[in-house]
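Asks:
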Amino acid sequence: MNRIKQKLQEDPSKKLLSIYFTAGYPEPEDTVTILQELQESGVDMVEIGLPFSDPLADGPVIQRSSEAALKSGMTTKKLFQQLEGIRKSVDIPLLIMGYFNPILQFGVERFCRQCRESGIDGLIIPDLPLEEYELQYKEIFQKYDLLMIFLITPQTSEERIKEIDSASEGFIYMVSSASVTGGTGGFGDEQKDYFTRVSKMGLKSPLIVGFGIKDNKTFEQATAQTKGAIIGSAFIKHLTENGTGKIPQFLKNIR
Amino acid sequence: MIYQVNEKGYYGDFGGAFIPEMLYPNVEELRSRYLQIMQEEDFQKEFRQLLKDYVGRPTPLYYAERFSKKYGTKVYLKREDLCHTGAHKVNNTIGQILMAKRLGKSRIIAETGAGQHGVATATVCALMGIECVVYMGEIDIKRQAPNVARMKMLGATVVPATSGSRTLKDATNEAIRDWINNPMNTHYIIGSVVGPHPYPDMVARFQSVVSEEVQKQLQEKEGRENPDYVVACVGGGSNAAGLYYHYLDKEEVGIIAVEAAGEGVLTGKSAATSALGREGIIHGSKTLLMQTEDGQITEPYSISAGLDYPGVGPMHANLFRTGRGEFISVTDEDAMAAGLQLCKLEGIIPAIETAHALAIFETRKFEKDDVVVVNLSGRGDKDLNTYIEHFNL
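Chains as they are written, first to last, in this note's numbering: chain A, 4 to 258; chain B, 72 to 464.
1) I'd like the list of long-range same chain contacts for Glu193(A), defined as Cβ closer than 8 Å, with 5 residues on each side in sequence excluded.
2) If you count every other CB in all the chains shown that lies within 10 Å of the CB of Thr233(B), and 16 or more means buried, which is it?
3) Keeping to the same chain, check which residues put their C-beta closer than 6 Å to that of Phe89(B); ignore five residues upstream and five downstream.
4) Measuring only the C-alpha atoms, how far is Phe55(A) from Val49(A)?
5) Am I right that Ile152(A) and Ile22(A) are in contact with their C-beta atoms under 8 Å? What's the rounded C-beta distance?
6) Could you tell me which of Ala332(B), Asp84(B), Arg221(B) and Pro385(B) sits nearest to His427(B), measuring between CA atoms?
7) Any idea which residues DSSP pairs Pro96(A) with across the strands?
8) In whole angstroms, what separates the C-alpha of Gly308(B) from that of Gln412(B)?
9) Is the region 336-352 of chain B close to the region 363-381 of chain B, with three or more CB pairs under 8 Å?
10) With 7 Å as the C-beta to C-beta threshold (strictly closer), list the residues of the region 237-271 of chain B near chain A in chain order.
11) Taking Gln66(A) as the reference, give the member of Asn5(A), Gly122(A), Thr243(A) and Val111(A) with the closest Cα.
12) Closer than 6 Å by C-beta to Glu172(A): which residues in its own chain qualify, once you throw out the five before and the five after it? Chain order, please.
13) Taking 8 Å as the CB-CB limit, is Met93(B) close to chain A?
14) Going by other Cβ atoms of all chains shown within 10 Å of its Cβ, with 16 needed for buried, is Phe462(B) buried or exposed?
15) Give, in chain order, every residue of the region 195-213 of chain A whose Cβ lies closer than 9 Å to some Cβ of chain B.
16) Checking 8 Å against the spacing of the C-beta atoms, do Asp299(B) and Val190(B) come in under that value?
17) Taking Cβ-Cβ distances shorter than 7 Å, what residues in chain B pair up with Phe114(A)?
18) Residues of chain B with CB under 8 Å from Pro132(A), in chain order?
19) Quick one: what does DSSP say Thr159(A) is sitting in, helix, strand or coil?
20) Taking the beta carbon of Lys223(B) as the centre, do at least 16 other beta carbons fall within 10 Å, making it buried, or is it exposed?
21) Quick one: is Gly235(B) near chain A, going by C-beta distance under 8 Å?
22) Does the ligand SAM have a heavy atom nearer than 7 Å to the CB of Phe114(A)?
23) Taking the Cβ atom as the reference point for each residue, do Ile180(B) and Thr130(B) lie within a distance shorter than 8 Å?
24) Which bits of chain A does Ile326(B) rub up against, with CB to CB less than 7 Å?
25) Which runs of the alpha helix (DSSP H), 4 residues or longer, sit entirely within the region 133-218 of chain B?
26) Rounding to the nearest angstrom, what Cα-Cα distance links Gly185(A) and Gly62(A) in this structure?
27) Per DSSP, Glu397(B) is paired with what?
28) On the three-state DSSP scale, how would you describe His258(B)?
29) With a cut-off of 8 Å on the beta carbons, I'd call Ile99(A) and Leu41(A) a contact; round off their distance for me.
30) Would you list, in chain order, the members of the region 65-79 of chain A that have their beta-carbon closer than 8 Å to a beta-carbon of chain B?
31) Are at least three pairs of beta-carbons, each pair with one atom in the region 453-462 of chain B and one in the region 407-423 of chain B, less than 8 Å apart?
32) List, in order along the chain, the chain A residues whose C-beta lies closer than 7 Å to that of Asp365(B)?
33) Once you ignore the five residues that flank Gly189(A) on each side, which residues in its own chain have a CB closer than 7 Å to its CB?
34) In this structure, does DSSP put Ala232(B) in helix, strand or coil?
35) Check Ala332(B) in the structure and name its three-state DSSP category.
36) Contact check, Pro385(B) vs Phe85(B) under 8 Å by CB: the rounded distance?
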């Protein structure tokens, strides 16, 4: 069974913590160390960011980490080399989150095959929306048992959320607010209403909230009515300041 | 063969809407309403009226006699340089500001490279009294100070794009990020036939007034609607889309697209996307684009700031792939010479972008009776400094 599906079913009461980091950052060879440290610290799931020159849904923190990773020579090919054998030491679900162009250049089928071989369980491709996915690519992703994770936002209509729910096999990535990544404003009534509204829709897919989660308080708020939350920019910031040395300390304060 | 967009937003293999979900409600609203709004009588009336009284349309179709004589063929220049603000760009911004009003938007954002589209957007926002924010690469802000000043005089806020390579593509990224952050009240006026569907089609339709006029004007002057060739420079490709539009499916009309070779197609300092690009995704559209083997978008180069976009509109990518369009690239050097020559032969100082289209007559030969229409897309006032430096004037 796909590790994401398994994790989502494991313990109904458990709130999942997922972490995003940019592959090849802060140092090109840090990818594996970070994955091992995250598992060691009890993280439930990891999104490995594939760096891109033009990450248009990302705020400055993730932009800069992508730039730095690319500058030090990170590529899709290199990521797959780093992930070779990763399943010997890491068994939590792993996803790749990346923009579509590098995947297209690598070759969509070749990319999926490599994901499968490396033990990747799912993909988040923010600029491959449902329509384009179903028009051209769905069969390839499914052939390699990769779960495609779609996003919803506070502006997504109820009708579209239902569409996305029925097309999803894993979880739905619930973007907390109308913003690029790295928002730090905390959650107000607007977000809480949105979490309540969607969680009451009776969707088959669990909701995992991302964007704007940075500490215990925001984690608790985000997961009060959902299955879990994703931390990205705040973790990247921690890596920028501390390198890979103090990952457990960062995570200790979240849950 | 159909060269217009299909119902899924594709030109052949190119186009589509590769956008993050955060943009979906806005793009979908536009997609589901743009055609209907554009066809409404009061929209057409207001659009046409403004094009006439404010922009100064129809622009002349001018028979360039001395230029024609030199090259032994009949060359007409479509004088978009005579539009208000000095280029064809304003045809689109007039259309989109009217669209934004009908969509109930109260704030406009735009990207700009050289500043021409930024000025055209700031202009229509002033005209309508709507808030305007223009994103411009930090490097371009330094290079194009007069246009920055123009935008400010027109009441726009100019925000420097400090990410990535700090030029046009990054300004576009920043505009898109702004739109993600402001999904309710904002309309994004894209300046070319690029971006997610329906932008390429919508912008092409607003610019199609160019070929609509050419058809009528040519009928008067030559007794026929169709020239033998239509020629335009292509960066993103909006002036070209305007000139080609009504001729796309008339295969007897040859389509010539002129790209910027920069210092030479193979020098590594070029913007010739058809020669150097591969299929990829940029700014929400699948098209030809310049990129590394790993799929990272690279920075193009041209002496003309209006042509150094790493992609090309999906309409043009399809014209290239199907062979419907003939693609020629012209170096900085040849474009500058052609620009100066037009000054001397016809008393018209062209934009350097436009000068690329004029340069092809040196190498691309036409028959004596051929009627060739060139889109004189912009005037050269903005480029005086580049002309001065290049020719030690």
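Beta carbons are placed, not taken as given, at the ideal position from N, Cα and C, and that holds for glycine.
Replies: Once the coordinates are examined:
1) Position 190 of the first sequence holds residue 193(A). Contacts found: Pro157 and Ser180.
2) Reading the second sequence from its first residue, position 162 is the one you call residue 233(B). With fewer than 16 other Cβ atoms within 10 Å, it is exposed.
3) Within the second sequence, numbered from 1, the residue matching residue 89(B) stands at position 18. The beta carbon of Phe89(B) sits closer than 6 Å to those of Ile352 and Gly355, all from its chain and outside the five residues before and after it, given in chain order.
4) Reading the first sequence from its first residue, position 52 is the one you call residue 55(A). Reading the first sequence from its first residue, position 46 is the one you call residue 49(A). One C-alpha to the other measures close to 18 Å.
5) Within the first sequence, residue 152(A) is the residue found at index 149, counting from 1. Within the first sequence, residue 22(A) is the residue found at index 19, counting from 1. In fact, because the Cβ distance is near 15 Å, the residues do not count as touching under 8 Å.
6) For the purposes of this step, residue 427(B) is identified with residue 356 of the second sequence, where counting begins at 1. Of Ala332(B), Asp84(B), Arg221(B) and Pro385(B), the residue nearest in Cα terms is Ala332(B).
7) Here residue 96(A) is taken as the residue at index 93 of the first sequence, counted from 1. Paired residues: none, contrary to the question.
8) The sequence position of residue 308(B) within the second sequence is 237, counting from 1. The sequence position of residue 412(B) within the second sequence is 341, counting from 1. Taking the straight line joining both Cα atoms gives about 24 Å.
9) yes
10) Lys240, Asn244, Ile247, Arg248, Ile251, Asn252 and Pro254
11) Stepping through the first sequence from its first residue, residue 66(A) is reached at position 63. Here the closest residue by C-alpha is Thr243(A).
12) Here residue 172(A) refers to the residue found at position 169 of the first sequence. So the list reads Leu150, once near-sequence residues are dropped.
13) Here residue 93(B) refers to the residue found at position 22 of the second sequence. Closer than 8 Å: yes.
14) Within the second sequence, numbered from 1, the residue matching residue 462(B) stands at position 391. When all chains shown are included, Phe462(B) counts as exposed.
15) none
16) As a working note, residue 299(B) is residue 228 in the second sequence. As a working note, residue 190(B) is residue 119 in the second sequence. No, these two residues do not count as a Cβ contact at 8 Å.
17) Indexing the first sequence from 1 puts residue 114(A) at position 111. Going along chain B, no residue has its Cβ under 7 Å from Phe114(A), so there is no contact; the nearest lies around 10 Å.
18) Walking along the first sequence from the start, residue 132(A) turns up at place 129. For a Cβ distance threshold of 8 Å, residue set Ala88, Phe89, Ile90, Pro91, Glu92 and Tyr95 of chain B lies close to Pro132(A), ordered along the chain.
19) Taking the first sequence and counting its residues from 1, the one referred to as residue 159(A) is at position 156. Coil.
20) By 1-based counting over the second sequence, the position of residue 223(B) is 152. Taking all protein chains in view, the Cβ of Lys223(B) is surrounded by fewer than 16 other Cβ atoms within 10 Å, so the residue is classified as exposed.
21) Indexing the second sequence from 1 puts residue 235(B) at position 164. It does: the Cβ of Gly235(B) has a partner Cβ on chain A nearer than 8 Å.
22) With respect to small molecules bound, the structure shown includes none, and the ligand SAM cannot be examined in it.
23) Along the second sequence, read from residue 1 onward, the residue named residue 180(B) stands at position 109. Along the second sequence, read from residue 1 onward, the residue named residue 130(B) stands at position 59. At the C-beta level, Ile180(B) and Thr130(B) stay beyond 8 Å of one another.
24) Indexing the second sequence from 1 puts residue 326(B) at position 255. Per Cβ cutoff of 7 Å: no residues; Ile326(B) is ~27 Å from chain A at best.
25) 136-142, 160-173, 187-199 and 209-214
26) Reading the first sequence from its first residue, position 182 is the one you call residue 185(A). Reading the first sequence from its first residue, position 59 is the one you call residue 62(A). Going by the C-alpha atoms only, they are around 6 Å apart.
27) Within the second sequence, the letter at position 326 stands for residue 397(B). Paired residues: Ile327(B).
28) The residue you call residue 258(B) lines up with position 187 of the second sequence. Residue state, collapsed to three classes: strand.
29) As a working note, residue 99(A) is residue 96 in the first sequence. As a working note, residue 41(A) is residue 38 in the first sequence. So it is not a contact: roughly 15 Å between Cβ atoms.
30) Identification of residues in the region 65-79 of chain A having a C-beta nearer than 8 Å to some C-beta of chain B yields Gln66, Glu70, Leu73, Thr78 and Thr79, given in sequence order.
31) yes
32) Working through the second sequence from its first residue, we reach residue 365(B) at position 294. Chain A residues near Asp365(B): Thr78, Thr79, Pro105 and Gln108.
33) Here the question's residue 189(A) lines up with position 186 in the first sequence. Hits under 7 Å: Thr221.
34) Locating residue 232(B) in the second sequence gives position 161, counting from the first residue. Residue state, collapsed to three classes: strand.
35) As a position in the second sequence, residue 332(B) is number 261, starting the count at 1. Here Ala332(B) sits in strand by DSSP.
36) Numbered from its first residue, the second sequence carries residue 385(B) at position 314. Numbered from its first residue, the second sequence carries residue 85(B) at position 14. So it is a contact: roughly 4 Å between Cβ atoms.
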